[in-house]
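A.B. asks: Quick one: the structure is below, and I'll ask about it shortly.
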Amino acid sequence: MPALVYLNAVAFVSSQNHPILVRTFGQERENNRDIRYHYIAHTSLDVFEERITANPKNTESYLGLLYTMDDVAVYGYITASKTKIILALSLSDTVVKDAEVVNLMKAFHTAYRSAVANPFLRLHAPADAVSDHANSLQVGGAKWKNFRRAIDDIAASTGAISAPPPPPKN
Amino acid sequence: MADAQMRYMDGPAFDFFLIEMVNTLRASSAHAQARARKVEQEMIDAGLLPAPLPTPGMHKHHKDSTASLASRATAKVEDEEEGLKLRLEAIGMHVGANIAEKLCHGKPYFSETLDSIKFVCKDLWAACWDKQVDNLRTNHRGVYVLQDNSFKPIARLSSWEGRQDATKRARVYVMMSAGIVRGALSRLGLIGVVVPEISNLPQCTFQIKLPKPS
C-alpha cells in the first residue's frame, strides 16, 4: 500500500490531562526523538483548552489540525470521555485528507477502548475509585502489551515508515 | 480498523448472568468477610485491637434472648448484603463505563451535564434494557431522579413468600444496574452516587447525586 501519511507519533492524554501513552514510530524512534513528542503533546493540551472554551457548544470530536511546528503537523481528537488523542504527522507536500486522519483517530480510539475494558487492568483498585486511567498506567508494563501491539498495527497499516518494505518477488 | 468488530450476544444471557452473579458473589463476599472477621478476632486476641464494644443486644440478653439473637442475625445478614452489594456495584461500574465509551464512539463529548444524563436515560437504557427511562426529574442542583415503570431485571422477580419479600430481595439485583449507571456517568466525567429504590415491584427509581456544578 502506498504510504499516504507519515505517522510520527501518537499520544493519548486522559481527561485530567495526565499522559497515558506517547508512542513514536519509525525513524523518529530510531533517532531517539521521543522526548520531543512528549513536548508536542504537552503543547497540544493548551490548544485543546482554547478550542474547547472558544466553542462550548461542541459538535465535533475531531478538532482537525491544531498547529504545525518545525516539520510536524499535529492533529487532535477528543472522545466522549474527554480522552484526547494527538497525532503528529510529518509535513509533506501531499495533501492529507481529513477523512483519513479521522479514520486513524477512530482506530486509535477503538484500540484504547479495548485496552481499557480489560477488567484485570486494575484488579486491586478500590471499587469506588474514579478511573483516571493515567494513574494505573504503567503503560510500559506487561498488561498493556496488546494495546501497544494494536497501536503498532494501526501505524503499520498506514504504510508508515515503521513498516518494512515488502521483499521483492522473484 | 476504525470501527470495532460487531459482536453479538444472546439477549437473555444478561439475565442469567445476573442471577448466577448474585448467588456466587453472595458466597464469595461471605467468605471474604469471614476471613476479615477471623483476622480481626486474631488481632483482638493478641491484644492489638481493642475489643469491640458490646452491642446493646448483648446487654439485654439475660432478659430477652430471642430479641438479641434476631438483631444480631439481621446485623450479620445486612453486613453480608453490604459486601454483596458493593461487589455488584463495582462490577456494574466497570461494565457501565465501558458500555458508555463504546456507545459514544464517534460522538463528541457532552458539554452539558444534562446532556450526559439524557444520554444515559435514552441510549444507555435502550442498549442495556431495551427501553428508555420513563420519567426524569431534577432539582437543578445536581440531583436527578430517573424512574422506570417496568425495570427489566426485576420485572420477572417473584417470591413465594409474597410481594414484600420479593421487593426486599430485588434490592440486591438492582445494585448492578445502579453500578452500570454510576460507571457510565463517571466515564463521561460526572462522578457521583447512584441510589436505587424499589417501592412497588417492577417500578424502580434511581437517584443520582452529582456534585454541584460550579
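Protein sequence lines correspond, in order, to chains G and X.
Each step along the first sequence adds one to the number in my numbering, with nothing skipped, and position 163 is 149.
Every number in my numbering is 101 more than the matching position in the second sequence, counting from 1.
Glycine residues also receive a C-beta, built at the ideal position from the N, C-alpha and C atoms.
Straight-line CA distance for Ala115/G to Met194/X?
C.D. replies: For this step, residue 115/G is matched to residue 129 along the first sequence. For this step, residue 194/X is matched to residue 93 along the second sequence. Confidence at Ala115/G is low in this model, with a pLDDT of 48, below 50, so the placement of that residue should be treated as unreliable; the coordinate-derived value is given next. If you take the alpha carbons of Ala115/G and Met194/X, they lie about 10 Å apart.
A.B. asks: Just verifying my parser: in three-state terms, what is the DSSP assignment at Gly320/X?
C.D. replies: Outside the displayed span of chain X (102 to 315) sits residue 320/X, for which this structure offers no information.
A.B. asks: According to a CB-to-CB cut-off of less than 7 Å, which residues of the region -6 to 11 of chain G neighbour chain X?
C.D. replies: Ser1
A.B. asks: Under 8 Å, do Val196/X and Gly263/X count as touching if we go by C-beta distance?
C.D. replies: Your numbering for residue 196/X matches position 95 in the second sequence. Your numbering for residue 263/X matches position 162 in the second sequence. No, Cβ-Cβ distance for Val196/X and Gly263/X is not below 8 Å.
A.B. asks: Would you mind sorting Asn(-6)/G into buried or exposed? The rule is 16 or more other CB atoms within 10 Å of its CB.
C.D. replies: Indexing the first sequence from 1 puts residue -6/G at position 8. So Asn(-6)/G counts as buried.
A.B. asks: When you compare only the Cα positions, how much space is there between Asn124/X and Pro254/X?
C.D. replies: The residue given as residue 124/X occupies position 23 in the second sequence. The residue given as residue 254/X occupies position 153 in the second sequence. If you take the alpha carbons of Asn124/X and Pro254/X, they lie about 15 Å apart.
A.B. asks: Report yes if the CB atom of Phe94/G is closer than 8 Å to the CB atom of Ile26/G, and no otherwise.
C.D. replies: The count along the first sequence starts at 1 and reaches residue 94/G at position 108. The count along the first sequence starts at 1 and reaches residue 26/G at position 40. Contact: no.
A.B. asks: Shortest alpha-carbon distance to Ala85/G belongs to which of Lys203/X, Gly207/X and Glu202/X?
C.D. replies: For the purposes of this step, residue 85/G is taken as the residue at position 99 of the first sequence. Checked all of Lys203/X, Gly207/X and Glu202/X; the closest Cα to Ala85/G is Gly207/X.
A.B. asks: Within 8 Å of any Cβ in chain G, is that where the Cβ of Ala137/X sits?
C.D. replies: Residue mapping note: residue 137/X aligns to position 36 of the second sequence, counting from 1. False, the Cβ-Cβ gap to chain G never drops below 8 Å.
A.B. asks: How about Ser212/X: is its C-beta nearer than 8 Å to some C-beta of chain G?
C.D. replies: The residue you call residue 212/X lines up with position 111 of the second sequence. Taking 8 Å as the CB threshold, Ser212/X lines the interface with chain G.
A.B. asks: Just how far apart, CA to CA, sit Gln248/X and Leu77/G?
C.D. replies: Position 147 of the second sequence, counted from the first residue, corresponds to residue 248/X. Position 91 of the first sequence, counted from the first residue, corresponds to residue 77/G. Rounded to the nearest whole angstrom, the CA to CA distance from Gln248/X to Leu77/G is 53 Å.
A.B. asks: Can you name the start and end residues of the alpha helix (DSSP H) that Asn236/X belongs to?
C.D. replies: Taking the second sequence and counting its residues from 1, one reaches residue 236/X at position 135. Here Asn236/X belongs to no alpha helix (DSSP H); instead the beta strand (DSSP E) covers Asn236 to Thr239.
A.B. asks: Please return the same chain residues whose Cβ sits closer than 7 Å to the Cβ of Arg99/G, not counting the five positions on each side in sequence.
C.D. replies: As a working note, residue 99/G is residue 113 in the first sequence. Answer for Arg99/G: no residue qualifies.
A.B. asks: Report the rounded CA-to-CA distance for Leu185/X versus Arg127/X, giving the unit in angstroms.
C.D. replies: Along the second sequence, read from residue 1 onward, the residue named residue 185/X stands at position 84. Along the second sequence, read from residue 1 onward, the residue named residue 127/X stands at position 26. In a straight line, the C-alpha of Leu185/X is about 5 Å away from that of Arg127/X.
A.B. asks: Since Ser47/G contacts Tyr61/G with CB under 8 Å, what's their CB separation in whole angstroms?
C.D. replies: For the purposes of this step, residue 47/G is taken as the residue at position 61 of the first sequence. For the purposes of this step, residue 61/G is taken as the residue at position 75 of the first sequence. About 12 Å; that fails the 8 Å criterion.
A.B. asks: Might you give, ordered along the chain, the residues of its own chain that have their beta carbon closer than 7 Å to the beta carbon of Lys68/G, omitting 5 neighbours on each side?
C.D. replies: In the first sequence, counting from the first residue as 1, residue 68/G sits at position 82. Counting only Cβ-Cβ distances below 7 Å, and skipping sequence neighbours, we find Ser1.
A.B. asks: In terms of residues, what are the limits of the alpha helix (DSSP H) holding Gly280/X?
C.D. replies: The residue you call residue 280/X lines up with position 179 of the second sequence. Arg264 to Arg288 is the extent of the alpha helix (DSSP H) around Gly280/X.
A.B. asks: Consult DSSP for Ile292/X and reduce its assignment to one of helix, strand or coil.
C.D. replies: In the second sequence, the residue the question calls residue 292/X occupies position 191. Note: Ile292/X maps to coil in three-state DSSP.
A.B. asks: Quick one: residues in its chain with C-beta nearer than 6 Å to the C-beta of Ala256/X, no 5 flanking neighbours on either side, listed in chain order?
C.D. replies: In the second sequence, residue 256/X corresponds to position 155, counting from 1. Closer than 6 Å at the Cβ level, and outside the excluded window around Ala256/X, lie Pro303.
A.B. asks: Can you check DSSP and say which residues form a bridge with Thr10/G?
C.D. replies: Residue mapping note: residue 10/G aligns to position 24 of the first sequence, counting from 1. Looking at the DSSP assignment, Thr10/G forms a beta bridge with Ala(-5)/G.
A.B. asks: Sorted by chain position, which residues of the same chain lie with C-beta nearer than 8 Å to Ala228/X's C-beta, five sequence neighbours on each side aside?
C.D. replies: Looking up residue 228/X in the second sequence gives position 127. Cβ neighbours of Ala228/X beyond the five flanking positions: Ile200 and Leu204.
A.B. asks: Return the first residue and the last residue of the beta strand (DSSP E) that Ala85/G is part of.
C.D. replies: The residue given as residue 85/G occupies position 99 in the first sequence. Not the beta strand (DSSP E): Ala85/G falls in the alpha helix (DSSP H), residues Asp84 to Val102.
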